[in-house]
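Asks: Before anything else, here's the structure in question.
Residue numbers (my numbering), protein chains in the order written: chain A, 1 to 335; chain B, 1001 to 1335.
This is the structure we're talking about:
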């Protein structure tokens, strides 16, 4: 790990720069002020839930995205995983592959990362900074705590369970489409709606407040990051079940609904878009009421979108008339 | 995390390829067969030591290095950190940034990673695979266990302590010099010596067997990865001390000694080279004998190279006559 000042002659200006901006984030005693080769976690009887997600320039964020939004996205995509697993954030380590260590980039990056670390009570524990001639890459490994054996899996969905999702779906995919230009860009003329959609792409809202609620109620859970349709297929695959989803019940923002109404984009495109970072989970029927009530108290909207059924088929999406909708693609794939 | 097969239509051939080769490595029950978004660690009262190190094509390994050596290096540089901290390996997560998911590369990469995971009892717990248009990058976050509060720090060195180092220093830097061509390449005509030096660059030998010995005896410890001189300066800086090192006592392999004798390379260059992945630690005098004895029983050579002294100066290196040697540079720096 080398997010630290090298003492002695080898301390280059860039090493000092990195230490100057990242050391203030290492508030946890187990980070040892970033002065050591490793961090230490003391879990006090909990299981440590570990998740790792990397974001790459040109793939997960755009070359001209502001450094503060890149920092927030890198951490938040991991916090989203922890929340879906029912885990309370405990800390993270960071690998930063940079072409140059520039103050103008590092300063806002570290400041935003620090704000998020405080907001989500997830301190920086350590990291590694490497130079790369290629695209910028930010890799985060985040740690959360759950009582022993209580991590919520993808594998627990049973026929009859309700399928629920937090927030709204498809906004981030629309935000990316706006940033890329094209027909969505041309159609999204309302400034506030545009900004909201772009914001949803650049800065996900991890549902950290749902962690305990998911743990208390869900039979299976995952975060929606590669498209709701594809991610549901994964959850069903691991659980050995299928599902029927009522497409009109998939929650959309007002901005997304407007674009659907005007025929700019179809609902089936939105459920195959990526970067939602909402939680999708399944619940036995007797948990639905308490789940909805607890989510409401936490200030997070949740929607019932369908039901788990027996079988090994890819989940079905039906329209308002009960007719099946054939999807061209289920999700975003890296390769 | 997505080192897994996506079920359903979105499962591309490449996703399946990744799952086919990596799933067999996920032998720990906490890896959930790579079928989930996260792994779980159950530490049983231990502290979890966390370290993260990334290796980048063209920076830490060469574009034509074989995939099996890249895999081993990525894991071993992290195991080296754990050993220096006194921690017993518990598992790791992997972020792989690839241009393409090719069977010809993934198969030997995963096979070698799996062999090392078994050899060092450090199973794969999860990971993330992302596509990149840039250089290949392998980022590993590794976990180790120590009894509560027993991680060995950089910060414990005291005046009067002995400075010890495992193995030999400078071989990897010579191996890299051979691979790059130039005068070391021309001079290293002995095939076996050449192969040994290149092997030391490509595949470090993490001193995992030293973990408990370091924990039982060292006052401060770190692994030597960026050059012995620079790394010692870091350890001294954090400990608030200085050191005097007897340069002829710094252990060299027979191949390195031969190149020094023939005037091809100087000892001062070898102690500023990188990639040694040996353990450097400090010991109070009353621990030296037991430390040396335990290391011998573990089959690992250790050498006494100098002593910690009071003060804040950069560590001094003296030649066989007690004269100070001025170093041009202390270590490799990324930026």
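All C-beta atoms, glycine included, are put in the ideal place defined by N, C-alpha and C.
Is the region 1155-1174 of chain B touching the region 1301-1311 of chain B in the sense that three or more CB pairs, one from each, lie closer than 8 angstroms?
Replies: With the cut-off at 8 angstroms, the region 1301-1311 of chain B and the region 1155-1174 of chain B touch.
Asks: Under the rule that 16 or more other beta-carbon atoms within 10 Å means buried, what is residue 1104(B), buried or exposed?
Replies: Exposed, by the Cβ-count rule.
Asks: Can you give me the Cβ contacts of residue 70(A) inside the same chain, cut-off strictly under 6 angstroms, excluding the 5 residues immediately before and after it?
Replies: Around residue 70(A): 61.
Asks: Only counting the same chain, and skipping five residues up and downstream in sequence, which positions put a Cβ closer than 8 angstroms to that of residue 1203(B)?
Replies: 1069, 1072, 1073, 1076, listed in sequence order.
Asks: Using a C-beta to C-beta distance shorter than 7 angstroms, which residues of chain A count as neighbours of residue 1041(B)?
Replies: By Cβ distance, chain A contributes 47, 48, 50.
Asks: Which chain B residues sit within Cβ distance under 9 angstroms of residue 222(A)?
Replies: Residues of chain B passing the Cβ test: 1036, 1037.
Asks: Determine whether the beta carbon atoms of residue 159(A) and residue 50(A) lie at a separation below 8 angstroms.
Replies: Not in contact: residue 159(A) and residue 50(A) (Cβ atoms no closer than 8 angstroms).
Asks: So that I know if they touch, is there some Cβ in chain B lying closer than 8 angstroms to that of residue 219(A)?
Replies: Chain B contact via Cβ: absent.
Asks: Show which residues of chain A have a CB atom less than 8 angstroms away from the CB atom of residue 1170(B).
Replies: Within 8 angstroms Cβ-Cβ: nothing; residue 1170(B) doesn't reach chain A, min ~17 angstroms.
Asks: Could you pull out every residue in the same chain whose Cβ sits closer than 7 angstroms to the Cβ of residue 1218(B), ignoring the five residues on either side in sequence?
Replies: Contacts found: 1152, 1281, 1282, 1283.
Asks: Using the beta-carbon count (16 or more within 10 Å), is residue 1324(B) buried or exposed?
Replies: Label assigned to residue 1324(B): exposed.
Asks: Does the count of Cβ pairs from the region 1227-1240 of chain B and the region 1196-1215 of chain B closer than 8 angstroms reach three?
Replies: The region 1227-1240 of chain B, when compared against the region 1196-1215 of chain B, does not touch it at the 8 angstroms Cβ threshold.
Asks: If the cut is a Cβ gap below 7 angstroms, which residues of chain B does residue 130(A) touch?
Replies: Correct list: 1054, 1056, 1059, 1334.
Asks: Give a yes or no on whether the minimum CB-CB distance between residue 137(A) and chain B is below 8 angstroms.
Replies: Cβ-Cβ to chain B under 8 angstroms: yes for residue 137(A).
Asks: Counting only Cβ pairs nearer than 8 angstroms, list the residues of chain A close to residue 1154(B).
Replies: Within chain A, the residues near residue 1154(B) are 35, 36, 37.
Asks: Determine the extent of the alpha helix (DSSP H) in which residue 1278(B) is found, giving its start and end residues.
Replies: Per DSSP, residue 1278(B) belongs to no alpha helix (DSSP H); it is in the beta strand (DSSP E), 1278-1283.
Asks: With residue 128(A) as the anchor, note down where its beta strand (DSSP E) starts and where it stops.
Replies: Looking at the DSSP string, the run of the beta strand (DSSP E) that includes residue 128(A) is 124-131.
Asks: Ordered along the chain, which non-local residues of its own chain (more than five positions away) have a Cβ less than 6 angstroms from that of residue 216(A)?
Replies: Here the set comprises nothing.
Asks: Output the boundary residues of the beta strand (DSSP E) element that contains residue 1088(B).
Replies: Taken as a continuous stretch (DSSP letters only), the beta strand (DSSP E) holding residue 1088(B) covers 1088-1098.
Asks: Interface residues of chain B around residue 148(A) at Cβ under 8 angstroms?
Replies: Chain B residues near residue 148(A): 1042.
Asks: Assess, as a yes-or-no matter, whether the region 126-137 of chain A is touched by the region 1028-1043 of chain B under the definition of 3 or more beta carbon pairs within less than 8 angstroms.
Replies: Output reads no: the region 126-137 of chain A does not touch the region 1028-1043 of chain B.
Asks: Okay, do the region 1167-1182 of chain B and the region 1029-1043 of chain B touch, 3+ Cβ pairs below 8 angstroms being the bar?
Replies: Short answer: they don't touch.
Asks: Buried or exposed: residue 11(A), going by 16 or more other Cβ atoms within 10 Å of its Cβ?
Replies: Confidence at residue 11(A) is low in this model, with a pLDDT of 44, below 50, so the placement of that residue is unreliable and no value is reported for it.
Asks: Curious, which full-length alpha helix (DSSP H) runs of at least 4 residues does the region 217-255 of chain A contain?
Replies: Whole alpha helix (DSSP H) segments, 4+ residues: 228-239.
Asks: Below 7 angstroms on C-beta distance, what does residue 1097(B) contact in chain A?
Replies: Result: 54, 56, 137.
Asks: Which whole-angstrom value describes the C-beta separation of residue 1170(B) and residue 1235(B), a residue pair presumed to lie in contact below a C-beta threshold of 8 angstroms?
Replies: Not really, about 18 angstroms apart at Cβ, beyond 8 angstroms.
Asks: Kindly indicate which residue of 198(A), 95(A), 46(A) has the alpha-carbon position closest to the one of residue 86(A).
Replies: Checking every option, the nearest Cα to that of residue 86(A) belongs to 46(A).
Asks: Please list, in chain order, all residues of the same chain as residue 9(A) whose beta carbon is under 8 angstroms from its beta carbon, the five residues on each side excluded.
Replies: With a pLDDT of 32 at residue 9(A), under the threshold of 50, the modelled position of that residue is not reliable, and the figure given next carries that caveat. None.
Asks: Could you give the distance in angstroms between the alpha-carbon of residue 96(A) and the alpha-carbon of residue 321(A)?
Replies: The alpha-carbon atoms of residue 96(A) and residue 321(A) are separated by roughly 50 angstroms.
Asks: Hey, how far is the Cα of residue 327(A) from the Cα of residue 278(A)?
Replies: Going from the Cα of residue 327(A) to the Cα of residue 278(A) covers about 21 angstroms.
Asks: Mind checking residue 1114(B): buried by the 16 CB within 10 Å criterion, or exposed?
Replies: It counts as buried.
Asks: Which complete alpha helix (DSSP H) runs does the region 1133-1169 of chain B hold, if anything under 4 residues is left out?
Replies: The qualifying runs do not exist here; there are none.
Asks: Around the Cβ of residue 292(A), are there at least 16 other Cβ atoms within 10 angstroms (buried) or fewer (exposed)?
Replies: Under this definition residue 292(A) is a buried residue.
Asks: Using a Cβ-Cβ cut-off of 6 angstroms (strictly less than) and excluding sequence neighbours within five positions of residue 1110(B), which residues of its own chain qualify?
Replies: Here the set comprises 1021, 1022.
Asks: How about residue 125(A): is its C-beta nearer than 8 angstroms to some C-beta of chain B?
Replies: It does: the Cβ of residue 125(A) has a partner Cβ on chain B nearer than 8 angstroms.
Asks: Below 8 angstroms between beta carbons is the criterion; list the residues of the region 194-213 of chain A that meet it against any residue of chain B, in chain order.
Replies: Listed in sequence order: no entries.
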